[in-house]
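Here the UniProt record's numbering is used: the first residue of the sequence shown is 1, the next is one more, and so on.
All C-beta atoms in this analysis are idealised placements derived from N, C-alpha and C, irrespective of residue type, glycine included.
As structure tokens, the structure follows; a few thoughts come after it.
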Amino acid sequence: MSSVTKNKLLIYLAGVAALVLLFALPFVLNPGAGFGGADDSAGEVIESLSPGYQPWFSSLWEPPAETEAMLFALQAAIGAVIIGYFVGYVRGSSN
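Structure (structure tokens):
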């Protein structure tokens, strides 16, 4: 195995290890935490600061939980396709 191939492999393995660490670290540091979203946290803070607060805007349509999860997954998939396209384009143009 050439030194260039070894370096690339080492970089890929370091990246994978960093990603695993990034995802595992919150579970290790705070094992009993719930999986609340940012909207829920913000609503709790607003309620504690101003108990009588009335929102000035409400959504026109609030999708069911299943539809909301599907839309989120679709958004993530579209983002992954765009990122993958540009990574492939840059890698292909360098060859």
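I believe residue i touches residue j by the beta-carbon criterion, under 8 Å. Please report the beta-carbon distance rounded to the nearest angstrom.
{"i": "P64", "j": "L71", "result": "Going by Cβ atoms, the distance from P64 to L71 rounds to 11 Å, so no, they are not a contact pair."}
Apart from the five residues on each side of it in sequence, which residues of its chain come closer than 8 Å, Cβ to Cβ, to residue i?
{"i": "S50", "result": "none"}
If you reduce the DSSP assignment to three classes, tell me which class residue i lands in.
{"i": "N7", "result": "helix"}
{"i": "A33", "result": "coil"}
{"i": "L60", "result": "coil"}
Within a Cβ cutoff of 6 Å, which residues of the same chain sit near residue i, ignoring the five residues on either side of it in sequence?
{"i": "V16", "result": "none"}
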